[in-house]
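0 is the number of the first residue of the first sequence in numbering that gives the first Met the number 0; add one for each residue after it. The structure appears right after this line, and notes come after that.
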Amino acid sequence: MPKLNFSFEIQQALGDERFARAGVITTPHGPIKTPAFIPVGTKATIKAVTPEQLDATGAQALLANAYHLYLQPGHNIVERGGGLSKFMNWPKPTFTDSGGFQVLSLGSGYKKVLSMDAATSMNAPVSSRRAFVDDNGVNFKSHLDGSIHRFTPEVSMGIQHALGADICFAFDELTSLAEPYDYQVEALARTHRWAIRSLDEFRHLQHQAPTKPYQALFGVLQGANFEDLRRQTAQFLGRMEFDGYGIGGALEKARLGEIVRWTTEELPAGKPKHLLGISEPDDIFEAVAAGIDTFDCVSPTRVARNGAAYTLDGRYNLTAAPNRANFAPLDPNCACYTCTNYTRAYLHHLLHAKERLAATLVSIHNEQFIIKLVADMRDSIIDGSFSEFREHWLARYYGSRRQPAV
RNA sequence: GCCGGGUUACUCAAGUGGCCAACGAGGGCUGACUGUAAAUCAGCUGACAUUAGUCUUCGGGAGUUCAAAUCUCUCACCCGGCA
């Protein structure tokens, strides 16, 4: 199958081109200049933000979720609507996640994935679990109506093929950091078998539908915080004909850069690497330095809906009283629609009045803030100033607050 | 004028002798949020101290009692019904 409209080109790297590089991913729906932040629109919408508004933030692509769209409205509806991009009126590139994240989020019930540690995490009661893993796939209990559904690699590929995103992810098992090493080994072996099946099924589906635009498939790396597992899975999946790779999200924050680097050292340099579910500035700097090209995360919109905003001086809650009569923009340095037209006092008012426009305006700002941050990292890689940019940026952002993880 | 009901912290609203500084909700304050079961969640919300504790509160005043938001008397105001 010719990869008609999919390619990845590294334009500039700081040094070793496995790490800190600027490039371009080309997809049937257009290019993505990397490093890039990819906003998440789980259910084929960036919550509270129209595609036009999202476009104005500089977003180059978005990521939706196979699990959610399968349940509602059904991937067949999206397909009949012309595919994800047309269905939701977003003409630019799209990604879909495989549903692998739900193995953890609906299964073990862990609230925290990234920063969790074994001492503070608790197993959810078995009765509340909604996902159950076996070697062949996962049974999900729908969070909408409790009905039982089964995902296998083949099912996930079928859904993602129907959704028609430009970049899809292999079906994986995201494990909790609280699981012991033995379980991580077992789950990783399962993820490997699922990776083979995902790739086989995806290529099979593409041969069956030769007129469909080429869809890229990224393999997903797990392995928790274990160097041997991370390197092993990078070597294993790196030998396969995936178009790119996703680094799975169960990472200890303090060691994020180190863990990512284990994988990027082993993976083929010339393929794009996506870090799943990460968007805190310090984490993004770490990951870009370690060779990550794209990121997705719900944080900018979720945090916005809950009343917090990113600024160059740190993230803070807009609902806080000092904003009540502050008629300055949210971030005077920001060129987004919200910051050029609205004051903190107005946003504070909307949030306290529980007006939905608050979610829209703050989401627009937060998305643009993170998108621009990553775009600026790209520029700094190209002109060679990445390290200085990183140091100065983080010093200001975390200046009077907590120190970023090293 | 008579009879009945009512007056609790910013608001609504539980509580009818001790377990009440007083349930709950809202509001307020603060924080969290990383492949979205999230327009969600957590803590605080009389004062001072904040480990312990001390002090002042349940329309006003006066009583009964070891002990009152809770019982009695009285005053004020509100809502019904009858004149």
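No residue lacks a Cβ here, since even glycine has one placed at the ideal position from N, Cα and C. Please read all numbers here as calculations on a predicted model, not as lab measurements.
| Asked | Found |
| --- | --- |
| Three-state secondary structure (DSSP) of P50 | helix |
| Validate contact between the segment 382-394 and the segment 319-338 using beta carbons, cut 8 Å, 3 pairs | no |
| Rounded C-alpha distance that separates A334 from A319 | 23 Å |
| Closest residue to Q59 among G73, I37, E51 (Cα-Cα distance) | I37 |
| Residues of its chain near G40, where Cβ-Cβ distance is below 6 Å and the 5 sequence neighbours each way are ignored | L61, A63 |
| Endpoints, the alpha helix (DSSP H) within which G237 is located | 226-237 |
| Pair within 8 Å by beta-carbon distance, G245 and L275 | yes |
| Cβ shell of E285 (< 6 Å), same chain only, five flanking positions each side left out | L255, G256 |
| When A12, E366, R314, Q52 are compared against Y397, the one with the closest alpha-carbon | R314 |
| Y66, enclosing alpha helix (DSSP H) - first and last residue | 65-70 |
| Residue from G22, I370, A169 with nearest C-alpha to I381 | G22 |
| Inter-residue Cα distance where the pair is I283 and T339 | 26 Å |
| Secondary structure of V361, DSSP reduced to three states | helix |
| A118, buried or exposed, once every other Cβ within 10 Å from all chains shown has been counted against 16 | Confidence is the limiting factor: at A118 the pLDDT is only 30, short of 50, which leaves the residue's position unreliable, though a coordinate-based value still follows. Answer is exposed; the Cβ neighbour count stays below 16. |
| T232 beta carbon less than 8 Å from that of G243 | no |
| Between the CA atoms of L311 and T33 - distance to the nearest angstrom | 22 Å |
| Separation of H28 from T93, as counted between CA atoms | 8 Å |
| Local Cβ density within 10 Å of A208, reported as buried at 16 or more and exposed below that | exposed |
| Identity of the residue in Q10, R202, A289, A357 nearest E240 by Cα | R202 |
| C-beta contact flag for L70 and S141 at 8 Å | yes |
| Where D144 sits in the DSSP three-state scheme | coil |
| 4 or more residues per run - each alpha helix (DSSP H) lying fully within the segment 132-209 | 152-162, 180-207 |
| S6 versus F217 - alpha carbon distance | 13 Å |
| Separation of P152 from F168, as counted between CA atoms | 10 Å |
| Sufficient close CB pairs (3 or more, under 8 Å) joining the segment 88-104 to the segment 154-166 | yes |
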